[in-house]
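Visitor: Sharing a structure, written as C-alpha cells. Questions coming.
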Amino acid sequence: MREELSQVQDNLLTARAQTGDREAFGELYRRYLPPVLRFLTFRVASRNDAEDLAGLVFYRAWQALPRYREQEAGFRAWVYRIARNSVIDYYRTSRNHASLDESWAGAIMADSANDPDTHIVAEEVRAGLSRLPEEQQTVLVLRFVEGLSHAEVAEAVGKSEGACRMIQLRALKALARAMGEGR
Amino acid sequence: MKAKANLDLALEQCLLALARGESVEACLKRFPQWRAQLEPELRAAQAMREAGLIGPEPGQVERIWSSVWARIDEEHRSTVTSGRLVRYLRRDRSEDWSQPPRRFDMSAIAATVALLITLLGGGGMVYAAQDAAPGQPLYQVREAIEAARVRLSASEQAQLQVRLELAEERLSEAEQAMNREGRQDASTALQAYTEQMTRAGELAQGLKGTPQEARVRETILERVNEHIALLQRLQDRLHERDEAAEGMQRAVEQAEALRERWQARNGQEEPGVQSGPEEAAPEGTPGPAQERQGPPEEQPTPSAEATPQQNREENTERNQEQNQDGAGEQQQEQNQAGSGEQQQEQNREQERVQPEETPVPPVAPPTETPVPQTGDGQQNQNQEQHQEEATAQPEQSPSEDPSQQQGPGAPSEGGSSSGSGEQSGGSGSGGGGGS
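Chain order of the listed sequences is A and G.
Each residue of the first sequence is one higher than the one before, starting from 1 at the first, in our numbering.
Each residue of the second sequence is one higher than the one before, starting from 1 at the first, in our numbering.
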C-alpha cells in the first residue's frame, strides 16, 4: 500500500516534471538520488566516478522526460535503467578507471556518515560482485541492495520477470561462491 | 531435477523471509535438509541488504544536484542563444538513455541496414536509390547498398567481379554527368571509379597463384581495356582545365596501371594457359567475354567486346581509338578477326546455356534478357553451372543462331545476356565481362 502510494506520487511528480516543472523534478531527484548513487557506487571503480555518473543520470533523465510514458514499473525502474545504461557506457568509453584498492574502499571507509561495519560488509559484497558478469551484478544490486521487485528489476534490465528470476538465482550462487573464496 | 526445483523454491521463500526481516538462521531452520546449500546464498543476500544501508555523504546530494542543473542550464543557454541547430548538434545520445545502449557504431548500423535492404530486395527507396546519381540525396544510400553487395559476395573472386561492375557503373555515371555538363558530379564519379579499381586491383593481387588466376586475369584485362577506351573518349571531351580533368587523368592512370600489371603477367604465363587447339591464337588475342563460361583453356585472353549498352558503332570507334594510340595489340587483333567469331561464340554459348529459349532477336531488349548476369556472388556459380551445362550438352547446335547475322563487332547479345538485367549500370561499359 505504501509502495503504491509512492508510485502514485511518482507519477504525479513525473507528469509535472514533463511540463518543465523543476521543483517536481527536484522532488524526484531527492527521492531517487540516494539509491541511484548507491547502485552506481557498487558498480563503478571510484566514488568520484559514481558521483559524476549520478549527476549524468539525472541530467539524462531530465532530457528524456518528454518521452517518458507512465509504466507499470514506474519512474524508479526507469531511472535505474538509465543508470545501468550509463554504467555500461562508462565501462565502454572510460580508459583510466582507478582501481578498487586505491579509491573506492579507502574513500568509503573515510565516509563518516555511515556505520563502519556496514562499510566492511559493503566492501566484501562489492569485491564479490566485481567478479560477476555485468547483468548479474545489476540484477543482484537492484534486487537485494535496492530492494526492487522482480517486475521493477525486469523493467530496469529490459528482460522478462522469469528471465530475471533465473539470473538472480545463478547470480546469487556465484556471489556466494565468490565471497566464500574471498574470505 | 525435482530436488533442485525444491531447493530453488526454498531459496525463494528464504529470500522473501529475509526481505520481511527474518534472520538467516531462522530461514535455515525451516529447511534443515538444504542448510549446506542455502546458507552461503542467504548470507550473501543478507550481506547485500546490509550493504544497502550505506547512504550519501553529507553535501553529496546538493553537490550532484548543482552539477545536474549546471548541465541543464548550459544546454538551455545554448538552445536559446544558438537555436535549434546548435541544440541538435550538441545533444548526445542522452535523450535515449532509457533505451539499451548502442552496441555498434554508425557505420556498422548503416552497413547492416544496407545489407537488410539488399537482402529484402524491395522497397521504393532501394528502387529509387539504384538510379541515384552523384549529388542526389539517395546517392549515399546507393553507395551503402553497393558496399553491402561487395560484403555479401561469397568469395574474393566474386568480390572482384562486383568491384569491377561498380567501377563500370561509376564510369557510366561519369559519362552521364558529362552529358549533362555536370562536371563536379563527373569528377565525383571518376574518383569513385578510381577507388573501385584500386580495390579491384588489390583483390586481384590476392588471387595471384590461385586456380582462379587465369580467369581473373582475363576478366581484368577485358574490363580494363573497355574502361580505358571509354575513358579516353571522355577525356577528349574535356578541356584542359576542366573540373573533371584531374579525376579523369587519375582514372586513366589507374586503369592503365592495372592493365599493364596484368598484361605483363599474361605474357609470362601465356604458354601454360593456352591449351585449346583452336584457340592457339597469338598472344593478346582477345577472346569473347562469354567464352569464360566455356572451358578455361579456350579463353586465355581478354576481350574488349561484348559491352552491353554500346552499339556497334561505338565499339568500332573505341577499337579504332585504341588502335591509333597503340592501346593494345589485342584490340587490333580483335578488330581484324575476333569480333565476328567472338560474337558467334557468344551466341553459341547462349544457346547452349538456354537451349529451350526461342531465338533471341538481333538486339534483344533488356527485359528479355535470358540470363542476367550481374557479377554478384551468384555470378560465378552461374558461370560454373553454365559451364557444366555446356559440357553436358555438346551436341546442341548453335548454328541457327540468328544473331550471327549481325556480323563482326555486334555486341548486343553480349550485352543483352550479360549486363542488362537488373543493373543498367553494368551498363555503362563492359557488362559483357560481367557474363
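A virtual CB, placed ideally from N, CA and C, is assigned to each residue, including glycine.
#1: So R60(A) and A156(A) are supposed to be a Cβ contact under 8 Å. How far apart are they, rounded?
#2: Using a C-beta to C-beta distance shorter than 7 Å, which residues of chain A count as neighbours of M48(G)?
#3: Would DSSP call K29(G) helix, strand or coil?
#4: Taking all protein chains shown into account, decide if R215(G) is buried (16 or more other Cβ within 10 angstroms of its Cβ) or exposed.
#5: Only counting runs of 4 or more residues, tell me where the alpha helix (DSSP H) segments fall wholly within the segment 130-163 of chain A, in order along the chain.
#6: What in chain G is Cβ-close to E51(A), meaning under 8 Å?
#7: Go ahead and pull the three-state DSSP assignment for D52(A).
#8: So which residues of chain G does G20(A) contact, with C-beta pairs closer than 9 Å?
#9: So, for R183(G): in the same chain, excluding its five sequence neighbours on each side, which residues have a beta-carbon less than 8 Å away from its beta-carbon?
#10: Report the rounded CA-to-CA distance for E195(G) versus F144(A), giving the unit in angstroms.
#11: Mind listing the chain A neighbours of D73(G)? Cutoff is C-beta to C-beta under 9 Å, in chain order.
#12: Would you be able to state if there are at least three C-beta pairs under 8 Å between the segment 208-224 of chain G and the segment 156-164 of chain G?
#13: Using 8 Å as the limit for Cβ to Cβ distance, is H119(A) near chain G?
#14: Under a CB-based cut-off of 8 Å, is V24(G) close to chain A?
#15: So for Y68(A), helix, strand or coil by DSSP?
#16: Taking only runs of the beta strand (DSSP E) that begin and end inside the segment 161-239 of chain G, which ones reach a length of at least 3 residues, in chain order?
#17: Note down, in chain order, every chain A residue with its Cβ under 7 Å from the Cβ of E41(G).
#18: In terms of residue numbering, what span does the alpha helix (DSSP H) encompassing R81(A) cover?
#19: Restricting to Cα atoms, I'd like to know which of E41(G), W262(G), E12(G) is closest to K208(G).
#20: Can you tell me whether DSSP reads L12(A) as helix, strand or coil?
#21: Can I64(G) and W62(A) be called in contact, C-beta distance under 8 Å?
#22: What residues from the segment 34-50 of chain A come within 8 Å of chain G, judged by C-beta to C-beta, listed N to C?
#23: Among L13(A), L175(A), A45(A), whose alpha-carbon lies nearest the alpha-carbon of V141(A)?
#24: Using the Cα positions of G434(G) and H239(G), report the straight-line distance between them to the nearest angstrom.
#25: Please confirm whether T198(G) and Q254(G) have their CB atoms less than 8 Å apart.
#26: Relative to the C-alpha of E256(G), which residue among D236(G), A186(G), E226(G), T188(G) is closest?
#27: Pair every Cβ in the segment 185-194 of chain G with every Cβ in the segment 165-174 of chain G, then say whether three or more of these pairs are closer than 8 Å.
#28: What number of angstroms, rounded off, separates the C-alpha of M166(A) from the C-alpha of S155(G)?
#29: I think Y68(A) touches T14(A), with their Cβ atoms under 8 Å apart; what is that distance to the nearest whole Å?
#30: Is DSSP giving A17(A) helix, strand or coil here?
#31: Could you have a look at N380(G) and say whether DSSP puts it in helix, strand or coil?
#32: Under 7 Å between beta-carbons, which chain G residues line up against A122(A)? List them in chain order, please.
#33: Assuming L42(G) is part of the alpha helix (DSSP H), what are its boundary residues?
Guide: On the basis of the supplied data:
#1: The Cβ separation is near 15 Å, so there is no contact.
#2: V125, L140, F144, V145
#3: helix
#4: buried
#5: 134-140, 150-157
#6: Q60, R63, I64
#7: helix
#8: The contacting residues do not exist; G20(A) stays about 10 Å from chain G at best.
#9: A177, D242, E243, A244
#10: 58 Å
#11: Within chain A, no residue comes near D73(G); the closest Cβ sits about 10 Å away, beyond 9 Å.
#12: yes
#13: yes
#14: no
#15: coil
#16: none
#17: L172, K173, A176
#18: 74-93
#19: W262(G)
#20: helix
#21: no
#22: P34, L37, R38, T41, F42
#23: L175(A)
#24: Any reading at G434(G) needs caution, since the residue's pLDDT is 33, under 50, leaving its predicted position unreliable; the model's value is listed next. For G434(G) and H239(G), the distance between alpha carbons rounds to 32 Å.
#25: yes
#26: E226(G)
#27: yes
#28: 43 Å
#29: 6 Å
#30: helix
#31: Per-residue confidence for N380(G) stands at a pLDDT of 42, beneath the threshold of 50, marking its modelled position as unreliable; the derived number appears in the next sentence. Helix, per DSSP.
#32: A51, I54
#33: 35-51
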